[in-house]
Amino acid sequence: MPSTSPGVSTPKPANFAQVIPGAPNIGLQSIASFTFRDKRFVAYISGRQLNILLSPVVFVQALAFSHDLIAVTSEPRSGKLLVADKVNVYVLDPHAEGWTKEWWERCLILRRDNVGEDAVQCLSWGSSGEVLIGGTKTLALFSTLPSSNRSSSLDVSSLPERHPLWTTKVANAVQHALFNPTARMMVTCGQRDRLVKVWRFLSFEDYVFDYSYLPHPAPVAHLQWRQDREKDDDHSPRYEDDQDVLYTMATDGVLRVWKTGGPFDLDFLVLHTTIDLVSAIPQSPSLTSDGMSSTSQPVRFAFMLPADQFSAAVSAVHIRKTDDKISHSLEHLKEVVSRSPDVFVIMDGQGRMSAWGLHSIAHKRRNEDIQEIFHIAHSEGLKLCMQTNARFQAWFDNDKIHLIAHQFDDRVEWWQGSVEKFLSPSAPGPERLSLDARWVGHHSPVQELSTHMNGKTLFSKSLSGGVAIWNLESNGRLVQQLLAWSGKPHTFEAKGKVEVPFETGIVDPSIAVTNDTVAAVVSADGTELVVVEMEEGYVEHRQTFQEPVKHLKLNDDYNLIVVAFSTHALVLVQGRYEHGEKPGIWTAIKTISIDGLGLQISAIEWLHDGSVAVACGNGILLAANTVTGQDIHPDLRDKCDIAEDAIIPILQVPAKIKNPLPAYHPRMLSHLIHHGDMTSATQTLTNLASKLKFWSEGDDLSLDATTPQPLTDEVVADLIIQLQTKDLPSVSSIDQTRLLPILESLLFCSTLTSTLDPFSLRYLFTWRYHTLARPGITPIMNPRAICFAYHSSTQSPLLTLLTQPYTPQNPLTWPVAKSLGLPSLLNTSDSLTSFLETLAQSTYRSTHPPDPTQSSLFFLALRRKSTLQNLWRLASWHKEQRATLKFLQRDFSTPENRSAAKKNAYALMGKRRFEYAAAFFLLADDPASACGVLAAQCGDCDLAVAVARVYAGEGSEVLRTLVEGRVIEPARGEGDRWRLCWGYEILGRRDEARECLVEPLKGVGVRLARQDDPATLVLYRDLRGDKGSRFEFQAVLRAARVLRRMGLWTIALELVSGWVFTREEKGEKGEKGEELEEGETNDMLPPPPPPTQFQEPDAGSLLDSFGF
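Read in order, the letters of the sequence shown correspond to residues 1 to 1108 in full-length UniProt numbering.
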């Protein structure tokens, strides 16, 4: 049974650079062309699949059947199709949606009675829904009209059936069976018969016929009725008395023309004239099927072009002519058209062609004095050659001629050319027709694709055991070089499991592919894709899909991934690293869709030029190796300066996306400042301001090195005006908007360089940028800025700047302080104590009337119980005043009062007043419990650390336990080097704080690029002193690679070329460079050499390792 309809909700499939739907079945009715909704469609059968196409590269639909197909034919005016296997015949109805979507659905089964060994041989449509089916044993007539009284309907899930209206047995298997255009006659011919039987209806109700025979001296090879002219055709109005014309070709090389007989003729059709196909091409070097010269009758091929269509095509040539030059070819065609001829094109299969006209063959009113058969054109060197039997479908499309040649060596060729050149008396042969498509390949579903020769050769394997080899030509087309069969159905062995040596978060992946730079894995259920970088194991991309991934292919040379689902595929390209963003740098730049075809993707493969081969059904579809600007996301298109109407080779897209960022890019400027090079950032902006004054879009915007100029208010104001009116190249509109707060932040920081050290300036720049970018919203400072500020020696003026906006009317509260990281960046107990005193007072005044419960934690952390008592005395409005004052009067140095305080704390926890409960734990002198509640129940580790530092002391066990358990361990598990460094610094472990900035991360689950922030090297360089880490060299390379992937090539180059190494710490190292634990030995190591002076690594080795 054929497949069900693909449905009306699916989108049209994408156009492809090349469509190879499959090899055609060998048969006289394996291909049909027809018109539906003023569009020309081509349908042909391949194995058990029916393919319907609109052009050589527009695949409309494929329908799968359960048995090999024998024939397909179309009803000329309705677009209905008949498709037959050996037993059943299916009627397919056309459907449409809008102006661009058409599809076919099965609607009837024509089932013959007592089939037995009676296999279907040929099909024919009548003019009123009749269907003639010729078999090996019978000839049957059906009706497909709804009013047929012989129809029967099965259950709802089955198609309605029709049984024959009339059946007769035949002596020989029917090879040809055709209705005439008016369905008043039928002609049939058996295999290798020399007689064509003519059936004329005497009674349409009782199916009574009269018979006549058309004799031929040799077996008949082809029958064709001259098609009735369309009644609404303006170019050739229908004459009611036009005669029926039948063309027959026999193996004697003669084309015979039969016409409806006169009233006194005994035969229904009489021989009108003949055309000698052999003498039509004199001196042709015809060959036999084995390629040797032959003295037997030469092989000839012919097809007919109806007069009305030919006339319309010549008119189209004349209308579309744009110059005033005289065209001798067009004048010749005008003269030919004046005779209203049917045109016969005769070929010898070796490149020779001859065209002849048959004057007004169907008109009774034609002028008998005009020569009936006349020559039109002759040509040699035609590209179309045949070595086997062939069948043709030809039609005109405006001033173009289309010719489909079905050659019986398993191929269909689609040729097209200009009508003027094709029938020109003088045009060169090679210019008359050009090949648009060649459909070859497999007769069964393609199950596997693989490439060789660096993607220039493609191997395809089918379910039945066929193996085809395809070469990718320079014009981007696949050409079949070999097709072989293994003799048995192909079975596919499970491929070896690809191991990815890094944590991906995917357990038991269903698909895994890898190359030298990245690996991609798909979850067991197929809905999650993870892409991992193979050098450091960074997870670059994580994406969840609504449907399972079926196939995954990497382009080894350009880091492109094609992710294929059942009916579509996405092409993802690798982008730049974006600091702080979630893994998702791979972006879809192209969609390959076969939605609506009725097929599913069975295999997919990259070719060396960037095109993608998609196997579906019996065929291979080749997606173009280009990307349009419309395919690319607008944000990415904006970043890369790609026009919406641009067409880009897909292999050039990765380079466009990963090109180095320009010097004036906001990300470049931001990283320059974080790397401590504020001077370069300032110089870049002043140069940009000077350049933009005389720059217009389209000009080069390279910034030349000039004498550094100060960044003044005037320069900034002028630059802001320029940025608001001009679009910078290689900068998206969003990034250009970010330049404005960067510009103002840099100006703000430049006025404080004499007051703040570089650590404070880095923090201040980040704070100022976020404040300007999102006015009115308190910025959430990242651990990097906080860690830099913690190491600052100018914290006092920095704190003054940060707290200056807060007044009694706009008090500084803990949520604001936490967002700014103020308690965390203070590096001394005294400064933290002073800050918390201020914070306690502002928190108390933050409500109206002031509420002591809001600030109890801070006052008790500062051991200011007496101050808190005084505040409670003022809170006469508070319902808890009396009880609280009474309780605070106790002496909490005694065990019983501490126990009472703890009971109150637990009671408050039961009421979910966790912060207030922590205050009562402090009242009970239990800082461990207080900090535990703050870190766990409140989820505020920063508050817990601040309380522990102030209440328990910097070197206390409470602080150590809290920081190790709540800061260091989570930071190590997450790979947060900044938080880890800050935690070690809080505990006074400077060596570990320095080492964690460069050492390889261990115990980290999923690795991310942001865990190796290159700015950690800037802090490390300031902390290392005269002792460098043994991990320093690899850390520099790692940071340079990350910078390069971020597009910051200049900073990466300066890092590796300007890095100065110091002496490493002493320590015996194992075979892989790791220090041996105490008591361990490494017997395989040679005795240590005598101590030598430390040699700094050569900068060239760094550059080579990085790829510069």
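A virtual CB, placed ideally from N, CA and C, is assigned to each residue, including glycine.
Neighbourhood of residue i by C-beta, 7 Å cutoff - its chain only, sequence neighbours within 5 removed
i	result
L908	Y916, A917, F920
V1042	Y577, A1009, D1012, P1014
E684	Rather than Glu, the amino acid found at residue 684 in this sequence is Thr. Within the same chain, T684 has close Cβ partners A663, Y664, L669, L703.
Among the options, the one whose alpha carbon lies nearest that of residue i
i	options	result
A817	L28, L839, T807	L839
S462	A23, K886, F1061, V1036	A23
T451	H442, P445, A437, I469	I469
W103	H443, L92, V532	L92
M453	V337, L607, R352	L607
L139	L1055, T188, V731	T188
W279	S354, E372, C938, V963	With the sequence shown as reference, residue 279 is identified as Ser, and Trp is not the correct amino acid for it. The option with the nearest alpha carbon to S279 is S354.
L802	R873, T843, H791, S760	S760
Q809	G821, Q841, L305	Q841
K400	G465, R320, K456	R320
Q309	E331, F396, D324	F396
K169	L661, V220, V115, G983	V115
M186	F204, N172, W1059	F204
G98	D556, R37, L622, R762	R37
C640	V653, P217, V614	V653
Exposure of residue i, with buried meaning 16 or more beta-carbon neighbours within 10 Å
i	result
P21	buried
N475	exposed
L195	exposed
T167	buried
K1027	exposed
A524	exposed
Q724	exposed
Q481	exposed
T248	buried
Q889	exposed
K658	buried
S680	buried
H848	exposed
Beta-carbon contacts of residue i that lie in its chain and below 6 Å, excluding the five residues immediately before and after
i	result
V245	R226, K259, I361, A362
A62	Q49, N51, L597, G598, L599, G617
E528	T544
D940	L934
M1	Only weak support exists for where M1 lies, its pLDDT of 37 falling under 50; the coordinates are left without a value.
For residue i, the residue or residues it bridges with in DSSP
i	result
C189	H176
L554	I561
C941	Paired residue(s): none; C941 is not in a bridge.
W485	G466
G351	According to DSSP, which records beta bridges pairwise, G351 is partnered with nothing at all.
P215	L195
Chain-order list of residues whose beta-carbon lies under 8 Å from that of residue i (same chain, five-residue window excluded)
i	result
Y211	K197, V198, W199, R200
Q630	E644, D645
K421	S329, A427, E431, R432
Beta carbon of residue i nearer than 7 Å to that of residue j
i	j	result
T794	L740	no
D942	S846	no
P666	R738	yes
H406	I31	yes
E533	V513	no
V549	V522	yes
R339	H318	no
T73	L123	yes
L28	F41	no
F1033	E999	no
M781	L832	no
K80	V120	no
A944	L962	yes
Below-7 Å beta-carbon distance, residue i vs any chain D residue
i	result
N398	Among the protein chains of the structure shown there is no chain D, as only one such chain exists.
Any non-hydrogen atom of the ligand PLP within 6 Å of residue i CB
i	result
S78	Ligands displayed in this structure: none; no statement on the ligand PLP is therefore possible.
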